[in-house]
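Q: Residue numbers (my numbering): 1 to 524. For every residue, glycine included, the Cβ atom is placed at its ideal position computed from N, Cα and C. All figures in this text were calculated on a predicted structure; none of them were measured in a lab. Here you go, one structure.
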Amino acid sequence: MRAELPEIFPLCWERLPPDCLAAAEAARAEALMSVEFPQFLNELQASRELPGYLPDLARLELGRFQLRSQTLPAQTPPDECLVNPTLALLEVGWRPLLTLAAGKSGEPEAVPERLLLWRHPHSGEALESVAEPADLLALKVTAEQLDRRSVADAGGQPVGVVDAALDRAVTQGLLLAPAATLTRSFAGSSPASALAEAKQRAEVFTLQWHITHRCDLHCRHCYDRSNQEDVSLARGLEILDQMRDFCRQHHVSGQVSFSGGNPFLHPDFPALYQAACDRNLTPAILGNPVGPDQLDEILKIHRPAFFQVSLEGLQEHNDAIRGRGNFSAVLAFLDLLREKNIYSMVMLTLTRANLDQVLPLAELLRERVDLFTYNRLAMVGEGASLASPGPEEYRALCSDYLEARKSNPVMALKDSLLNIELDARSEPLFGGCTGFGCGAAFNFVSLLPDGQVHACRKFPSPIGNLKQQDLAETYASETAKAYRRGCRECEDCRLRANCGGCLAVAYGFGLDPLKKKDPACFIC
1 MRAELPEIFP LCWERLPPDC LAAAEAARAE ALMSVEFPQF LNELQASREL PGYLPDLARL
61 ELGRFQLRSQ TLPAQTPPDE CLVNPTLALL EVGWRPLLTL AAGKSGEPEA VPERLLLWRH
121 PHSGEALESV AEPADLLALK VTAEQLDRRS VADAGGQPVG VVDAALDRAV TQGLLLAPAA
181 TLTRSFAGSS PASALAEAKQ RAEVFTLQWH ITHRCDLHCR HCYDRSNQED VSLARGLEIL
241 DQMRDFCRQH HVSGQVSFSG GNPFLHPDFP ALYQAACDRN LTPAILGNPV GPDQLDEILK
301 IHRPAFFQVS LEGLQEHNDA IRGRGNFSAV LAFLDLLREK NIYSMVMLTL TRANLDQVLP
361 LAELLRERVD LFTYNRLAMV GEGASLASPG PEEYRALCSD YLEARKSNPV MALKDSLLNI
421 ELDARSEPLF GGCTGFGCGA AFNFVSLLPD GQVHACRKFP SPIGNLKQQD LAETYASETA
481 KAYRRGCREC EDCRLRANCG GCLAVAYGFG LDPLKKKDPA CFIC
């Protein structure tokens with residue numbers, strides 16, 4: 001049954017003066033087609049007193065109706081970035097028509113606008129917005145298949161501006177993007193395995209970049225105190241170009257977590273930070289407390305996704321591990337991060353000696369930090385002088401931790417073995433250490449100042465060196481694939497996709513982490 005004009009153009013219909021309404025009714029009786037109605041109003045304007053914006057409003061209402069009437073086919077990710085086929089671009093001479101169409105009062109003014117109407121490719125929701133310059137840039141680059149770097153150079157902007165515009169358009173649904181290609185599958189090798197095949201797809205890839213080994217602390221559990229030269233600025237720019245290319249190749253977002261040592265001790269840290277942002281790579285910082293001037297220098301460039309610092313327990317124990325005065329300095333720094341509106345994270349390295357301090361520390365940080373969590377000690381480097389907890393004592397902490405976090409919102413889940421306790425309680429599992437269980441060489445890698453790439457920074461796990469090969473070749477290496485597969489003893493575990501234990505902890509106990517499971521595993 002054909003929709004009537006008043007149903008398609010309700011806003012226009014109610015705004016027609018009486019004499020114009022009579023003419024519209026006559027045209028309706030003569031079966032005027034809906035697509036002809038905007039032109040009909042244009043012609044009516046020549047002889048009648050009609051609000052000037054009505055023909056454009058009619059075009060908007062027609063576009064809305066046509067959008068709602070479409071039957072969306074099943075969406076499959078394209079092989080290359082494409083303009084959403086449901087997208088309509090309307091150039092109108094009045095604004096703000098979308099505000100008027102939303103039922104808000106006010107008379108439009110004669111100012112040109114470009115309007116976008118589309119259906120979201122995933123939800124099917126009908127959407128509309130005023131076209132922003134970034135939207136138009138993304139549509140032009142995609143429709144005309146322009147080279148992003150050439151477009152950026154022509155506009156005198158970093159290429160990351162163009163990348164960000166396209167990412168924003170994909171998120172909005174204006175563009176259809178290929179699926180991320182960082183994937184891995186788990187399926188139990190035994191016919192009796194309780195593990196159903198699970199395919200994981202990472203949408204974000206993180207480079208944990210140790211740009212320097214200089215550090216203003218000397219922690220008793222430090223994994224690596226080797227003397228390495230800082231990465232040079234020129235080499236750093238090459239690495240960031242590789243990171244951008246890798247992320248584009250695999251259709252993922254990129255994050256660079258600057259670390260050290262203390263990244264602020266690198267003489268070119270602000271320049272490297274700026275360069276990451278210029279390539280649309282999200283910056284984050286893993287470091288030690290610094291002063292407000294150093295934070296302000298970074299904030300002028302871009303607010304980091306987070307700033308992570310460490311505490312190893314309450315004051316006496318922490319300062320015995322990290323140095324006298326560190327506990328007070330970190331607490332003061334957390335207050336500074338809050339003042340600067342920077343998301344703060346505190347990480348604790350869990351040992352047998354600080355098991356009983358985790359919950360008291362979490363309580364102390366309740367109003368002071370945005371997120372608190374822990375990693376278990378890998379007995380590697382200077383950390384070999386400390387002890388990592390065993391299965392029984394660790395399970396007790398897991399139980400207490402899960403109970404305490406019900407009333408403490410800053411307590412986050414990170415260690416993958418927590419899923420064992422959640423499973424025992426028939427509670428929903430979480431993503432594990434990196435959102436994919438152990439994500440070593442999957443959705444993150446660690447890069448040292450000398451170019452070595454490791455699957456995980458917490459233990460020696462070299463998968464390549466960027467002085468001999470690029471990041472894409474390193475990621476595709478057989479060694480990297482082995483770390484992605486993880487521990488052989490975990491293959492048939494029903495929790496494999498969310499867990500896999502901690503390879504670094506297994507290594508610290510003298511085990512082959514690709515063969516023997518995490519010794520703290522307490523699954524029944």
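I'd like to check one pair, L402 with P360: are the Cβ atoms closer than 8 Å?
A: No, the Cβ-Cβ distance between P360 and L402 is not below 8 Å.
Q: Restricting to Cα atoms, I'd like to know which of E109, A271, R28, E49 is closest to D19.
A: Per the Cα distances, E49.
Q: Using the three-state DSSP reduction, which class does P10 fall into: helix, strand or coil?
A: Helix at P10.
Q: When the Cβ atoms of the region 293-306 are set against those of the region 163-182, are three or more pairs found closer than 8 Å?
A: They do not touch, by the three-pair rule.
Q: What is the rounded straight-line gap between the Cα of E128 and the Cα of T99?
A: Roughly 11 Å separates the two Cα atoms.
Q: Given L170, which residues of its chain have a CB within under 6 Å of its CB, disregarding the five upstream and five downstream residues?
A: A small fix is needed here, since residue 170 is Val in this sequence, not Leu. Same-chain partners within the cutoff: A177.
Q: Do the region 121-139 and the region 80-98 make contact, defined as three or more Cβ pairs closer than 8 Å?
A: Output reads yes: the region 80-98 touches the region 121-139.
Q: Using beta-carbon positions only, say whether K515 and E491 come within less than 8 Å of one another.
A: Taking 8 Å as the Cβ cut-off, K515 and E491 do not qualify as a contacting pair.
Q: I believe L447 touches W118 by the beta-carbon criterion, under 8 Å. Please report the beta-carbon distance rounded to the nearest angstrom.
A: That pair is no contact at about 39 Å.
Q: Below 6 Å CB to CB, which residues in the same chain sit around G432 once its five sequence neighbours on both sides are set aside?
A: Only S416, N498, C499 meet the Cβ criterion.
Q: Among T212, Q157, A187, L364, which one has its Cα closest to the Cα of A198?
A: For A198, the nearest C-alpha among the options comes from A187.
Q: Among D450, P133, L503, N443, which has the Cα closest to the Cα of S461?
A: It is L503 whose Cα lies nearest to the Cα of S461.
Q: Pop quiz: E443 and F246 are said to be a contact at Cβ under 8 Å. What is the actual Cβ separation, rounded to whole angstroms?
A: For the record, residue 443 in the displayed sequence is Asn; it is not Glu. Actually they are not in contact, since the Cβ atoms of N443 and F246 sit about 12 Å apart, beyond 8 Å.
Q: Enumerate in chain order the residues of its own chain whose CB-to-CB distance from V445 is below 6 Å, with the five nearest sequence positions on each side excluded.
A: Excluding sequence neighbours, V445 sits near V453.
Q: From the DSSP output, in three-state form, read off I301 for me.
A: Of the three classes helix, strand and coil, the one that applies to I301 here is coil, per DSSP.
Q: Let me make sure I understand the geometry here. Which of W94, P85, F459, K104 has the alpha-carbon closest to that of L115?
A: Nearest C-alpha to L115: W94.
Q: Give the straight-line distance between the Cα atoms of L355 and Y483, rounded to the nearest whole angstrom.
A: Rounded to whole angstroms, L355 to Y483 spans 29 Å at the Cα level.
Q: Closer than 6 Å by C-beta to A472: which residues in its own chain qualify, once you throw out the five before and the five after it? Chain order, please.
A: Closer than 6 Å at Cβ, skipping near neighbours: F246.
Q: Rounded to the nearest angstrom, what separates Q70 and L82 at their Cα positions?
A: So the two alpha carbons sit approximately 19 Å from each other.
Q: Please state the DSSP three-state secondary structure of E382.
A: Helix, per DSSP.
Q: When you compare each of E14, I523, E113 to L418 by their alpha carbons, which one comes out closest?
A: For L418, the nearest C-alpha among the options comes from I523.
Q: Quick one: Cα of F372 to Cα of T183, how far?
A: Rounded to whole angstroms, F372 to T183 spans 29 Å at the Cα level.
Q: Taking the alpha carbon of G260 as the point to measure from, which residue in L429, C487, S477, K458 has its own alpha carbon closest?
A: Measuring from the Cα of G260, the nearest candidate turns out to be K458.
Q: Got a sec? Which residues, its chain only, sit under 6 Å from I8 by beta carbon, not counting five neighbours each side?
A: Hits under 6 Å: S34, F65.
Q: Would you mind reading off the limits of the alpha helix (DSSP H) that contains H250?
A: Its alpha helix (DSSP H) spans residues 233-250.
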